[in-house]
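Encoded as structure tokens, the structure appears first; notes follow it.
Okay, structure coming up:
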């Protein structure tokens with residue numbers, strides 16, 4: 075049977091790891107990165123550095139009149155497609171660097187699937203654009219914005235785009251060799267390129283959603299009734315992080331396997347109030 079390293083943290087039980095996972099090793103967190111990007115947006119807006127409803131063209135050389143705002147990008151209502159055009163299958167974001175993003179900006183109006191603000195269309199491209207807009211508005215690289223506006227205020231440190239090799243944990247492949255992760259340090263970084271330790275993901279979840287140390291949760295969080303949650307998946311890693319209004323919370327991270335199973339484990343744990351199985 076193929077082993078799937080798994081790590082579960084929750085308010086209901088001590089941390090549980092299996093098949094070589096660990097709470098203190100850096101793992102890919104995929105689209106959970108969007109939570110940090112959205113929090114940077116709300117924090118910068120609260121500080122008066124920008125307005126969450128600013129039109130995109132205020133900060134980036136996008137066509138005037140698209141109607142896209144920073145809020146639309148954060149809420150997945152920009153009308154932009156899920157992926158940048160031309161993504162490859164083997165390493166889909168390897169060629170999507172900042173110059174490639176800027177080549178798209180001038181023709182964003184031609185990429186819209188529908189008018190902005192009307193319907194939700196989950197968009198990694200939208201979050202890449204949002205991250206670039208935030209960096210441009212601040213004159214600061216994206217990673218430093220995350221550290222300044224989210225990580226340091228929350229006293230969370232184990233989050234980075236480039237973890238040291240000796241602390242990385244990757245899914246086991248053929249003969250136990252670690253599988254190679256996607257290249258996500260380019261323009262796609264704000265949409266899904268960060269790495270974190272599972273305990274850092276848990277700290278972010280608790281401090282942002284349960285304790286609300288930085289105010290109301292950012293619009294990047296998904297909601298379902300009393301639950302704030304977000305997941306993330308790359309080719310070989312998946313995470314689910316969710317918290318209930320009553321303070322119950324869970325983080326599930328797995329290396330390999332079906333991301334939908336990771337989500338199911340997290341949802342079941344929140345529903346039953348017990349540890350994920």
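Numbering (my numbering), first residue to last: 75 to 351.
Backbone N, C-alpha and C fix where the C-beta goes; we use that ideal spot for every residue, glycine too.
Remember, predicted model here, so these are calculated numbers, not experimental data.
Exercise for the section: Helix, strand or coil for residue 257, going by three-state DSSP, please let me know. Expected result: coil
Exercise for the section: Take residue 166 as the anchor and find which of 262, 101, 328 has the nearest alpha-carbon. Expected result: 262
Problem - residue 277 classed as buried or exposed, judged by whether at least 16 other C-beta atoms fall within 10 angstroms - result: buried
Practice task
Could you tell me which residues DSSP puts in a beta bridge with residue 327?
Solution key: 81, 313
Practice task
Decide if the stretch 268-277 is in contact with the stretch 313-332; the criterion is three or more beta carbon pairs, one per stretch, under 8 Å apart.
Solution key: yes
Exercise for the section: Check whether the Cβ atoms of residue 235 and residue 271 sit closer than 8 Å, and answer yes or no. Expected result: no
Practice task
Using a Cβ-Cβ cut-off of 8 Å, state whether residue 251 counts as contacting chain B.
Solution key: No chain B is part of this structure, which consists of one protein chain only.
Handout entry: residue 132 versus residue 205: straight-line alpha-carbon distance, rounded
Key = 14 Å
Practice task
Return the CA-CA distance between residue 125 and residue 294, expressed in angstroms with no decimal places.
Solution key: 16 Å
Exercise for the section: Could you check which residue in 111, 252, 303 has the C-alpha nearest to that of residue 224? Expected result: 111
Problem - Unbroken stretches of the alpha helix (DSSP H), 4 residues or longer, contained in the stretch 115-166 - result: 144-149
Handout entry: Pick from 141, 149, 103 that is closest to residue 312, judged by C-alpha positions
Key = 103
Practice task
From the DSSP output, in three-state form, read off residue 345 for me.
Solution key: helix
Problem - Delimiting residues of the alpha helix (DSSP H) encompassing residue 302 - result: No alpha helix (DSSP H) holds residue 302; the beta strand (DSSP E) holding it covers 301-307.
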